[in-house]
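Line order of the protein sequences matches chains A and B. Residue numbers 0 to 243, in numbering that gives the first Met the number 0, belong to the letters of the first sequence in order. Residue numbers 0 to 300, in numbering that gives the first Met the number 0, belong to the letters of the second sequence in order. C-beta: ideal position from N, C-alpha, C; glycine also. Here the structure is a predicted model, which is why all the values come from computation and not from measurement. Worksheet for the structure shown next.
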Amino acid sequence: MEYTKLKVINNKKIGSDIYVLKVAKYNEIISPGQFFMIKCWDDHLSLFRPISVYNVESDAVYFMYRTIGKGTEKMAHLKKGSEVELLGPLGNGFPVEKVKGKIALVGGGVGIPPLYETAKRLLALGNTVDIYLGYRDELFGFEEFLNVSHNLFVSSEHGNEGYKGYITDIFHAEQYDAVFTCGPEVMMFKVRDLCKEANVPSWLSMEKHMACGVGACLVCNCDTIHGTVRTCKDGPVFFGNDIL
Amino acid sequence: MMNRLSTTINGITLKNPIIAASGCYGFGREYNELYSVGMLGGISSKGLTLEPRQGNKGIRVWETPSGMMNSVGLQNPGVRKFISDELPFMESLGTVVIANLGGSLIEDYIEGIELLNSTSVDFIELNISCPNVKTGGMALGIKNEVAYEAVLLAKKASKKPLMVKLSPNAENIVEMAKACEAAGADSLSLVNTFKAMAIDIHKRKAVFDNIYAGLSGAAIKPMALRMVHEVCKNVSIPVIGLGGIYCVEDIIEFIMVGASAVQVGTANFTHPLIISTLIKGLEDYCIDQNINNIMDIKGII
Chain A
0 MEYTKLKVIN NKKIGSDIYV LKVAKYNEII SPGQFFMIKC WDDHLSLFRP ISVYNVESDA
60 VYFMYRTIGK GTEKMAHLKK GSEVELLGPL GNGFPVEKVK GKIALVGGGV GIPPLYETAK
120 RLLALGNTVD IYLGYRDELF GFEEFLNVSH NLFVSSEHGN EGYKGYITDI FHAEQYDAVF
180 TCGPEVMMFK VRDLCKEANV PSWLSMEKHM ACGVGACLVC NCDTIHGTVR TCKDGPVFFG
240 NDIL
Chain B
0 MMNRLSTTIN GITLKNPIIA ASGCYGFGRE YNELYSVGML GGISSKGLTL EPRQGNKGIR
60 VWETPSGMMN SVGLQNPGVR KFISDELPFM ESLGTVVIAN LGGSLIEDYI EGIELLNSTS
120 VDFIELNISC PNVKTGGMAL GIKNEVAYEA VLLAKKASKK PLMVKLSPNA ENIVEMAKAC
180 EAAGADSLSL VNTFKAMAID IHKRKAVFDN IYAGLSGAAI KPMALRMVHE VCKNVSIPVI
240 GLGGIYCVED IIEFIMVGAS AVQVGTANFT HPLIISTLIK GLEDYCIDQN INNIMDIKGI
300 I
């Protein structure tokens with residue numbers, strides 16, 4: 000973990016409220032599923048925003064985010080050459096080394112970004128990777144996932160493309176050796192429960208409001224069978240059956 | 000070499016007047032990954048209670064203009080685990096260690112103090128002011144006479160200098176400070192967070208399960224400064240000022256109104272390296288202003 004300021008290479012709009020921010024090379028090793036605290040305002044008014052790592056290249060790091068409030072609105076205005084403050088990489092990430100075989104990645108909405116880098120690593124480790132992406136209405140970013148999966152399944156609630164309904168309707172846990180998921184809690188818990196029934200291990204990437212991002216302030220609590228733990232430091236990825 | 004920043008509180012010398020505020024800094028481990036936290040004047044531990052606590056349910060943080068609200072609810076490993084697992088690390092840092100102690104029952108406070116008596120902690124900071132615990136804490140911090148009784152018993156039990164952390168929600172902050180001094184407090188720290196509220200209008204519900212939460216950050220600084228000023232005019236024990244400190248100028252303001260040291264909390268979240276830059280900035284200020292020791296400007300207002 001380090002605190003650093005990096006230059007924006009570009010900040011591309013890929014959906015009505017979805018952006019991909021590309022920043023210059025970062026020196027530290029980043030594990031798939033880790034996140035950064037990001038800030039691009041120099042005043043003391045606003046906290047950092049926790050954003051997961053979408054893609055890591057030798058000369059750049061990418062973050063995909065949705066504009067949902069003050070902070071991300073400001074991020075959307077970032078231009079090439081401007082500076083962003085980053086604190087990270089933070090958290091544990093998905094246990095890509097622990098799993099083997101046929102792996103499913105299930106993403107929902109703006110929870111899909113960390114699955115991209117995760118899929119890349121899983122493929123490099125020789126696994127078979129199926130990806131399930133669930134959207135509400137507008138689809139974004141899914142074409143990229145064709146390059147990092149053996150099979151890609153897409154759903155939307157309006158059915159404009161792919162399956163009409165929830166992604167969990169077409170996800171069959173029993174086909175897999177392990178499952179990683181990131182998205183709305185209701186979707187992740189459904190995935191976790193389906194995996195539990197099929198006796199397949201699952202890992203969930205939890206999202207919480209955060210302040211410090213490093214494990215000091217205890218506001219991003221997650222209730223687990225091991226007690227109340229910190230999402231930023233002890234997570235954000237937890238073994239599905241551990242989460243209460 | 001001249002130490003322009005040193006300050007002495009209850010006979011204990013801090014190498015500079017900057018202390019990490021309780022609840023914002025854990026036990027120093029996390030920020031020690033970013034810079035050497037041994038450079039601080041002191042660290043006030045995450046608020047401890049006799050027994051471990053899991054803290055509050057629901058949302059615990061909410062951003063506000065120039066500040067944030069929190070409702071952590073004293074999640075902590077308990078005094079015994081602090082002593083066995085965290086204190087050895089804090090001792091190794093070379094900074095003054097302040098054990099912040101909260102609770103609901105006076106008996107628990109006393110037992111916690113007795114456990115801490117036989118450790119190396121430099122101060123016990125008695126938290127009589129946490130707004131996020133439904134019993135104790137807040138009530139203690141609001142009524143002078145309740146606080147007086149609690150501090151009296153705590154002082155009797157304590158072999159360590161007793162720093163009492165005051166709530167800005169006290170009925171009368173000056174009378175509260177005087178009551179704590181009369182009961183034997185060795186020093187005071189103020190202010191803790193302001194009791195505040197937020198609503199989620201879409202859910203038509205209060206944001207926090209506890210309804211109210213504690214407001215901190217730059218938004219509270221002018222009020223905190225006023226309270227520190229008033230208290231410093233009315234007590235003779237050392238006062239540690241806190242509440243929304245973000246920059247060197249803020250620290251100087253608190254010292255000018257009478258603080259012997261300051262605590263920095265919420266600013267760590269928006270500026271992860273802030274304390275290291277504040278120490279340097281304060282030193283530069285002294286050199287620039289030809290001040291031999293920062294305490295030379297203490298209480299000039």
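What residue ranges within the segment 70 to 131 of chain B form continuous beta strand (DSSP E) runs of no fewer than 3 residues, ordered along the chain? For the segment 70 to 131 of chain B, the continuous beta strand (DSSP E) assignments of 3+ residues that do not extend past its boundaries occur at 95 to 100, 122 to 126, in sequence order.
Name the residues in the segment 23 to 37 of chain B whose C-beta lies less than 7 Å from a C-beta of chain D; which are they? Structure shown: chain D not included; protein chains present are A and B.
If I follow the unbroken beta strand (DSSP E) through Arg-48(A), where does it start and stop? It spans 48 to 51 - the beta strand (DSSP E) in which Arg-48(A) sits, taken as one unbroken run.
Pair within 7 Å by beta-carbon distance, Leu-104(B) and Gly-37(B): Between Leu-104(B) and Gly-37(B), the C-beta spacing is not below 7 Å.
In terms of residue numbering, what span does the alpha helix (DSSP H) encompassing Ser-275(B) cover? Segment 273 to 287, the alpha helix (DSSP H) holding Ser-275(B).
Exposed unless 16 or more other CB atoms sit within 10 angstroms - verdict on Lys-4(A): Label assigned to Lys-4(A): exposed.
Cβ distance (whole Å) where Gly-22(B) is taken to contact Lys-45(B) below 8 Å: Contact between Gly-22(B) and Lys-45(B) is confirmed by a C-beta separation of about 6 Å, below the 8 Å threshold.
My output table needs one value for Met-0(A): the three-state DSSP class, helix, strand or coil. Reduced to three states, the DSSP call for Met-0(A) is coil.
Compare the beta carbon distance of Leu-161(B) and Ala-184(B) with 7 Å and say whether it is the shorter of the two. Judged by their CB atoms, Leu-161(B) and Ala-184(B) are nearer to each other than the 7 Å cut-off.
Could you spell out the range, first to last residue, of the beta strand (DSSP E) harbouring Val-230(B)? Unbroken run through Val-230(B) is the alpha helix (DSSP H), 220 to 231; no beta strand (DSSP E).
Fully enclosed by the segment 136 to 190 of chain B, which alpha helix (DSSP H) runs are 4 residues long or longer? Segments of the alpha helix (DSSP H) lying fully in the segment 136 to 190 of chain B: 137 to 141, 143 to 156, 172 to 181.
Chain-ordered neighbours of Tyr-2(A) on chain B, where CB pairs are closer than 7 Å: From the beta-carbon of Tyr-2(A), the residues of chain B found nearer than 7 Å are Leu-33, Pro-271, Leu-272.
With three or more C-beta pairs closer than 8 Å as the rule, is the segment 60 to 70 of chain B touching the segment 208 to 220 of chain B? With a cut-off of 8 Å, the segment 60 to 70 of chain B and the segment 208 to 220 of chain B count as touching, because enough Cβ pairs lie within range.
Enumerate, from N- to C-terminal direction, the unbroken beta strand (DSSP E) stretches of 3 or more residues contained entirely within the segment 101 to 181 of chain A. As summarised for the segment 101 to 181 of chain A, the continuous beta strand (DSSP E) elements at least 3 residues long and confined to that stretch are 101 to 107, 127 to 134, 150 to 155, 177 to 181, given in chain order.
Give the interface partners of Leu-46(A) over in chain B, defined as CB-CB distance under 7 Å, in chain order. Going along chain B in sequence order, the residues near Leu-46(A) (Cβ under 7 Å) are Glu-62, Met-67, Phe-268, Thr-269.
Beta strand (DSSP E) segment containing Glu-62(B), residue limits: DSSP places Glu-62(B) inside the beta strand (DSSP E), whose first and last residues are 60 to 63.
Nearest to Leu-86(A) (by Cα), restricted to the options Ser-45(A), Pro-49(A), Asn-54(A): The shortest Cα separation from Leu-86(A) among Ser-45(A), Pro-49(A), Asn-54(A) belongs to Pro-49(A).
Taking C-beta pairs closer than 7 Å, name the residues in chain A that Ile-58(B) reaches, listed in chain order. Close to Ile-58(B), with beta-carbon spacing below 7 Å, are these residues of chain A in chain order: His-208.
Kindly confirm or deny that the segment 187 to 200 of chain A and the segment 60 to 78 of chain A touch, where touching means at least three C-beta pairs closer than 8 Å. Judged by Cβ distances under 8 Å, the segment 187 to 200 of chain A makes no contact with the segment 60 to 78 of chain A, as fewer than three pairs qualify.
For Gly-239(A), name the three-state secondary structure that DSSP assigns. Gly-239(A) sits in a helix when the DSSP states are folded into three classes.
Is it true that the CB of Ala-153(B) sits closer than 7 Å to the CB of Ile-112(B)? Result yes, Cβ atoms of Ile-112(B) and Ala-153(B) sit closer than 7 Å.
Beta bridge counterpart(s) of Gln-262(B) as assigned by DSSP: For Gln-262(B), which the question treats as bridged, DSSP gives the partners Ile-18(B), Leu-241(B).
Is His-149(A) near Thr-127(A), with beta carbons less than 7 Å apart? In this structure, Thr-127(A) lies closer than 7 Å to His-149(A) by Cβ.
Determine the closest residue to Arg-120(A) out of Glu-56(A), Cys-181(A), Glu-160(A), with distance taken between C-alpha atoms. Closest by alpha carbon: Glu-56(A).
Would you be able to state if there are at least three C-beta pairs under 8 Å between the segment 7 to 24 of chain B and the segment 213 to 229 of chain A? Between the segment 213 to 229 of chain A and the segment 7 to 24 of chain B, the count of C-beta pairs closer than 8 Å reaches three or more; the two stretches touch.
Would Gln-53(B) pass as an interface residue toward chain A - the criterion being a Cβ-Cβ separation below 7 Å? Yes, contact with chain A.
Closer than 8 Å is the cut-off here; do at least three beta carbon pairs connect the segment 218 to 237 of chain B with the segment 5 to 18 of chain A? Per the Cβ contact rule, the segment 218 to 237 of chain B is not in contact with the segment 5 to 18 of chain A (fewer than 3 Cβ pairs under 8 Å).
The beta strand (DSSP E) that contains Phe-34(A), what's its start and end? Counting along the chain, the beta strand (DSSP E) containing Phe-34(A) begins and ends at 34 to 38.
Would the beta-carbon of Val-199(A) fall within 7 Å of that of Tyr-175(A)? The answer is yes: Cβ separation under 7 Å.
Whole angstroms are fine: how far does the CA of Ser-157(B) sit from the CA of Gly-101(B)? Those two C-alpha atoms are separated by around 14 Å.
DSSP bridge partner residues for Lys-194(B) (one or two, in chain order): Note: Lys-194(B) sits in a beta bridge opposite Gly-213(B).
Between which residues of its own chain and Gly-108(A) is the CB-CB distance below 8 Å, once the five residues before and five after are set aside? Cβ neighbours of Gly-108(A) beyond the five flanking positions: Arg-65, Gly-133, Tyr-134, Arg-135, Gly-182, Pro-183.
By the criterion of Cβ-Cβ separation under 8 Å, what are the contact partners of Val-213(A) in chain B? Residues of chain B passing the Cβ test: Glu-29, Tyr-30, Glu-32, Leu-33, Pro-271.
Rounded to whole angstroms, what's the CA-CA distance from Tyr-30(B) to His-171(A)? Just pull it up for me. Cα to Cα, Tyr-30(B) sits roughly 43 Å from His-171(A).
Three-state secondary structure (DSSP) of Tyr-30(B): Shown here, Tyr-30(B) sits in a helix according to DSSP, grouped into three states.
When burial is assigned at 16 or more other CB atoms within 10 Å of the CB, is Phe-88(B) buried or exposed? Exposed, because fewer than 16 other Cβ atoms sit within 10 Å of the Cβ of Phe-88(B).
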